[in-house]
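Below you'll find the structure, written out as structure tokens, and then a few comments.
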Amino acid sequence: DTGVSQDPRHKITKRGQNVTFRCDPISEHNRLYWYRQTLGQGPEFLTYFQNEAQLEKSRLLSDRFSAERPKGSFSTLEIQRTEQGDSAMYLCASSSGGGRAGNQPQHFGDGTRLSIL
Amino acid sequence: AQTVTQSQPEMSVQEAETVTLSCTYDTSESDYYLFWYKQPPSRQMILVIRQEAYKQQNATENRFSVNFQKAAKSFSLKISDSQLGDAAMYFCASPVYNQGGKLIFGQGTELSVKP
Numbered sequence: 001d002t003g004v005s006q007d008p009r010h011k012i013t014k015r016g017q018n019v020t021f022r023c024d025p026i027s028e029h030n031r032l033y034w035y036r037q038t039l040g041q042g043p044e045f046l047t048y049f050q051n052e053a054q055l056e057k058s059r060l061l062s063d064r065f066s067a068e069r070p071k072g073s074f075s076t077l078e079i080q081r082t083e084q085g086d087s088a089m090y091l092c093a094s095s096s097g098g099g100r101a102g103n104q105p106q107h108f109g110d111g112t113r114l115s116i117l
Numbered sequence: 001a002q003t004v005t006q007s008q009p010e011m012s013v014q015e016a017e018t019v020t021l022s023c024t025y026d027t028s029e030s031d032y033y034l035f036w037y038k039q040p041p042s043r044q045m046i047l048v049i050r051q052e053a054y055k056q057q058n059a060t061e062n063r064f065s066v067n068f069q070k071a072a073k074s075f076s077l078k079i080s081d082s083q084l085g086d087a088a089m090y091f092c093a094s095p096v097y098n099q100g101g102k103l104i105f106g107q108g109t110e111l112s113v114k115p
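As given, the protein sequences belong to chains A and B, one line each in that order. The numbering of the first sequence is this note's numbering, which starts it at 1 and goes up by one. The numbering of the second sequence is this note's numbering, which starts it at 1 and goes up by one.
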């Protein structure tokens, strides 16, 4: 169990640029979640994959955000035309597929901290 | 909408003492899990403890235990023999079962431990 891995750890970019983050879940986990966390707040759900299928997406997520999980392994989160308000920590989590979704604990990565200049 | 509320933004405890962090939640589910997560400064969020709602017995993990009161929808975390390494943000979380088990988090409680 090597844990959830996220890359990069930090990303600084200018407003209007596109950014892409990668998440490698724990290898046997088929459930993958993306969250966004701003300073001093709890994480906020963005989207959920079961294997390669994106099954849930937050209504708060603008169409500038897109996520993929090809072949049900790693996942990418892309933000197009970044805005100041996108500055946050982006967290990836994975959980095993046993039983009802939500019963298994989610294991989090270190996150990618995005700063928009 | 499902909610999780942590009413204590900050708590402080003396090393070796006991502290209790509060959490209330609202869910329409009859059987569910609840979780406490710890997030040290600039570090990874890790699971502290989880409780299954239909179990009468409160969960315990070493120095961490919960006081789960289902009728009151209360899920507090007790840390015994507090250590300096316990200093962190603590989040209470509840899954939304009809939305893939996504977690709804409380606002967090920042715990400081005084030597």
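Even for Gly, the Cβ is constructed at its ideal location relative to N, Cα and C. Predicted, not measured: the structure shown is a model, and the values here were computed from it.
Counting only Cβ pairs nearer than 8 Å, list the residues of chain E close to residue i.
| i | result |
| --- | --- |
| R100 of chain A | Looking at the structure shown, chain E is missing, and the protein chains on hand are A and B. |
Report buried or exposed for residue i, applying the criterion of at least 16 other Cβ atoms within 10 angstroms of its Cβ.
| i | result |
| --- | --- |
| T2 of chain A | exposed |
| G18 of chain A | Reading off the sequence shown, one finds Asn at residue 18 of chain A, where the question assumed Gly. Counting Cβ neighbours within 10 Å, N18 of chain A comes out exposed, since fewer than 16 surround it. |
| R36 of chain A | buried |
| G101 of chain B | buried |
| Q6 of chain A | buried |
| P105 of chain A | buried |
| I46 of chain B | exposed |
| L91 of chain A | buried |
| R63 of chain B | exposed |
Would you mind giving the Cβ-Cβ distance between residue i and residue j, rounded to the nearest angstrom? I have them listed as a contact below 8 Å.
| i | j | result |
| --- | --- | --- |
| T112 of chain A | R31 of chain A | About 20 Å; that fails the 8 Å criterion. |
| G42 of chain A | F91 of chain B | 5 Å |
Who are the neighbours of residue i on chain A, taking C-beta pairs under 8 Å?
| i | result |
| --- | --- |
| R50 of chain B | P105 |
| F91 of chain B | G42, P43 |
Cβ closer than 7 Å: which chain A residues qualify as neighbours of residue i?
| i | result |
| --- | --- |
| F105 of chain B | G42, P43 |
| F35 of chain B | P105 |
Excluding the 5 residues preceding and the 5 following residue i in the sequence, name in chain order all residues of the same chain whose CB lies nearer than 6 Å to its CB.
| i | result |
| --- | --- |
| S58 of chain A | F45, L46 |
Near residue i, what residues of its chain come up, given a Cβ to Cβ distance below 7 Å and the 5 sequence neighbours on each side ignored?
| i | result |
| --- | --- |
| R64 of chain A | I79, Q80, R81 |
| E17 of chain B | S82 |
List, in order along the chain, the chain B residues whose C-beta lies closer than 9 Å to that of residue i?
| i | result |
| --- | --- |
| F108 of chain A | Y37, Q39, Q44, M45, I46, L47 |
Can you pull the chain A residues whose beta carbon is under 9 Å from the beta carbon of residue i, in chain order?
| i | result |
| --- | --- |
| G108 of chain B | G40, Q41, G42 |
Note down, in chain order, every chain B residue with its Cβ under 7 Å from the Cβ of residue i.
| i | result |
| --- | --- |
| L55 of chain A | G100 |
Between the stretch 94-108 of chain B and the stretch 47-59 of chain B, can you find at least three pairs of beta-carbon atoms closer than 8 Å?
Inter-segment contact for the stretch 47-59 of chain B and the stretch 94-108 of chain B is absent: fewer than three beta-carbon pairs are separated by less than 8 Å.
Three CB pairs or more closer than 8 Å across the stretch 21-28 of chain B and the stretch 67-82 of chain B: yes
(message) Using 8 Å as the cut-off, can you tell me whether the stretch 63-79 of chain A makes contact with the stretch 11-28 of chain A, which would need three or more C-beta pairs spanning the two stretches below that distance?
(response) yes
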